[in-house]
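Q: Per the numbering used here, the very first residue in the first sequence carries number 6; after that it's consecutive.
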Amino acid sequence: MEFVLGLESPFSLDYTLESGQVFRWENRGEWWYGVLPMGVIKVKQEADSIRCVSSSESMDGAFVRSYFRLDEQLEPILASIMKDSTMASAVQRFYGLRLIRQEFWECLASFLLATNANIPRIKKMVSSVCSTFGDPTEFEGLKYFRFPPPERLAEAQVAELRECGLGYRAPFLRRVAESVSSGAVDGGEIELKNYEQAHSALLKVFSGEKLLLGVGPKVADCVLLYSCGKDDAFPIDVWVARELADSYPRLVDPSVLKKLSREHGGKLTYREYADLSRAARGYFGPYSGYAQQYLYMYGRVRDQ
DNA sequence: TAGCAGGAAAATC
DNA sequence: GATTTTCCTGCT
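1) Got a sec, what are the start and stop residues for the beta strand (DSSP E) F144 sits in?
2) Please identify the residue among E80, V9, P15 and S14 whose C-alpha is closest to the C-alpha of I46.
3) List in chain order: all unbroken alpha helix (DSSP H) runs of 4+ residues lying wholly within the stretch 155-199.
4) Ends of the alpha helix (DSSP H) at F150?
5) By DSSP's criteria, R305 is part of a beta bridge. Which residues make up the other side?
6) DSSP three-state label for C227, please.
7) So, with DSSP's three-state summary, where would you put F289?
8) To the nearest angstrom, report how far apart V163 and R126 are at their CA atoms.
9) Fully enclosed by the stretch 99-124, which beta strand (DSSP E) runs are 3 residues long or longer?
10) Identify the continuous alpha helix (DSSP H) that holds Y72 and give its terminal residues.
11) With DSSP run on the structure shown, which of helix, strand or coil describes Y38?
12) So for K264, helix, strand or coil by DSSP?
13) State the start and end residues of the unbroken alpha helix (DSSP H) segment that holds S85.
14) Which same chain residues end up closer than 7 Å to C169 when comparing Cβ atoms and leaving out the 5 residues on each side of it in sequence?
15) How many Å lie between G39 and A67 at the Cα?
16) Classify K223 as buried or exposed, calling it buried when 16 or more other Cβ atoms lie within 10 Å of its own Cβ.
17) Check each candidate in C57, Q26, A93 and E35 and name the one with the smallest Cα separation from S252.
18) Please determine, among P42, V306, R276 and L12, the residue with the shortest C-alpha to C-alpha distance to P154.
19) Do A159 and L166 count as a contact pair if the criterion is CB distance below 7 Å?
20) When DSSP labels each residue in this structure, what does L10 get in the three-state scheme?
21) Should I105 and G25 be called a contact, given that it needs their Cβ atoms to be closer than 7 Å?
22) On the criterion of 16 or more Cβ atoms from any shown chain inside 10 Å, does M6 qualify as buried, or is it exposed?
23) Based on the DSSP secondary-structure assignment, which residues constitute the bridge partners of S59?
24) For R31, does the three-state DSSP call read helix, strand or coil?
25) Kindly indicate which residue of A284, G139, I195 and Q78 has the alpha-carbon position closest to the one of L310.
26) Label R247 either buried or exposed according to how many other C-beta atoms from any shown protein chain fall within 10 Å of its C-beta, with 16 as the threshold for buried.
27) Kindly indicate which three-state DSSP category S54 falls into: helix, strand or coil?
28) Could you spell out where the alpha helix (DSSP H) holding T21 opens and where it closes?
29) Skipping 5 residues on each side, what residues in its chain have a beta carbon closer than 6 Å to that of G271?
If you want it as structure tokens, here you go:
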């Protein structure tokens, strides 16, 4: 079905889809093509609206509005995070960038694969898992593969997953698929908790039991922010860590600051990550996740 | 708690 | 063409 959505609040389709939140969108000409759990959709930004063509009736205006969170007013959110000149520049540079509301399982699995990889590589791994295990679907005469359900990957051979180029991530993905498939990990339950509770629930670090192998604090924060509605989550990857060290040194512990300088390129320990995340969340407030997303994009263009 | 391996592709030199 | 980096986590 085809439809047009009017935009009442700032939105940049390009910045949003290029900001590393999602891995199943592809830019072809003036359209963005996305493979989502319900089917395939293409979207194009126009003057004061976005035009959409989707493969199923269930992907309608209400769905797209909810997916891109277009009912929420962006200005007050941005106003709340612009506490200094760095964030003001980042917001100005990527004005209209929004957080997307993703499906829990696909988000968790995708960011599990994201360790030690760059975005093109992550897209390749996800795409390979989909074409190997996902259900085919057709759109405009072309074949696409949906992201496989957790049950499907729970019964996959680790060797088959490895063939998708996942390397050491293969056994992790299978374990996580089992956990989600069995209901041991439930996105809906996590959504009801506050950030702190949700984060530790996802990590299952209590009693030293690691249910979700391959999911550390950073991946957990990505999942909470992108799929569980925790706008105050603040994932810290290498880019955000550098940007914090460069532009927000007072939020960073001196010893960690030294560690993060370009020469050392050190990695954060679990405790250092927790401390830095808490400091950033305290500073930026309830919409820290938006601050993180703008900072990520800003850090990447500044480095080039 | 610090150090290291893990795997492969992209970015950089 | 070789080296470094890449939206990190688990194990020792």
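Glycine included, every Cβ here is placed at the ideal spot set by N, Cα and C. The structure presented is a predicted model; accordingly, all values stated were derived computationally and were not measured.
A: Reading off the structure:
1) It spans P141 to F144 - the beta strand (DSSP E) in which F144 sits, taken as one unbroken run.
2) Ranking E80, V9, P15 and S14 by Cα distance to I46 puts V9 first.
3) Secondary structure within the stretch 155-199: the alpha helix (DSSP H) runs of 4 or more consecutive residues, fully enclosed, are 155-159, 163-166, 174-187 and 192-197 (chain order).
4) That residue, F150, is in no alpha helix (DSSP H); its beta strand (DSSP E) goes L147 to F150.
5) DSSP, once it has assigned bridges, lists no residue as partnering R305.
6) In the structure shown, C227 falls within a helical segment according to DSSP collapsed to helix, strand and coil.
7) Here F289 sits in helix by DSSP.
8) Roughly 19 Å between the two C-alpha positions.
9) If we require 3 residues or more, the stretch 99-124 turns out to have no beta strand (DSSP E) run fully inside it.
10) Its alpha helix (DSSP H) spans residues G66 to Y72.
11) Correct three-state label for Y38: strand.
12) Three-state DSSP puts K264 in a helix.
13) Looking at the DSSP string, the run of the alpha helix (DSSP H) that includes S85 is L79 to I86.
14) Taking C169 as the centre and dropping the five residues before and after it, the same chain places the C-beta of M130, S133, V134 and T137 closer than 7 Å to its C-beta, in chain order.
15) Distance between the alpha carbons of G39 and A67: 17 Å.
16) That one is buried.
17) Nearest Cα to S252 within the set C57, Q26, A93 and E35: A93.
18) Looking at P42, V306, R276 and L12, the one whose alpha-carbon comes closest to that of P154 is P42.
19) The Cβ atoms of L166 and A159 lie no closer than 7 Å to each other.
20) Shown here, L10 sits in a strand according to DSSP, grouped into three states.
21) I105 places its beta carbon 7 Å or farther from that of G25.
22) Residue environment: M6 is assigned as exposed (fewer than 16 neighbouring CB atoms within 10 Å of its CB, all protein chains considered).
23) According to DSSP, which records beta bridges pairwise, S59 is partnered with I46.
24) According to the sequence provided, residue 31 is Glu. The question's Arg does not apply to it. In the three-state reduction of the DSSP assignment, E31 falls in the strand class, which pools E and B.
25) Residue 310 is absent from the model: the chain starts at 6 and stops at 309.
26) R247 counts as buried, since no fewer than 16 other beta carbons sit within 10 angstroms of its beta carbon.
27) Here S54 sits in strand by DSSP.
28) Segment L18 to L22, the alpha helix (DSSP H) holding T21.
29) Taking C-beta separations shorter than 6 Å and ignoring five residues to either side along the sequence, the partners of G271 in its chain run K264, following chain order.
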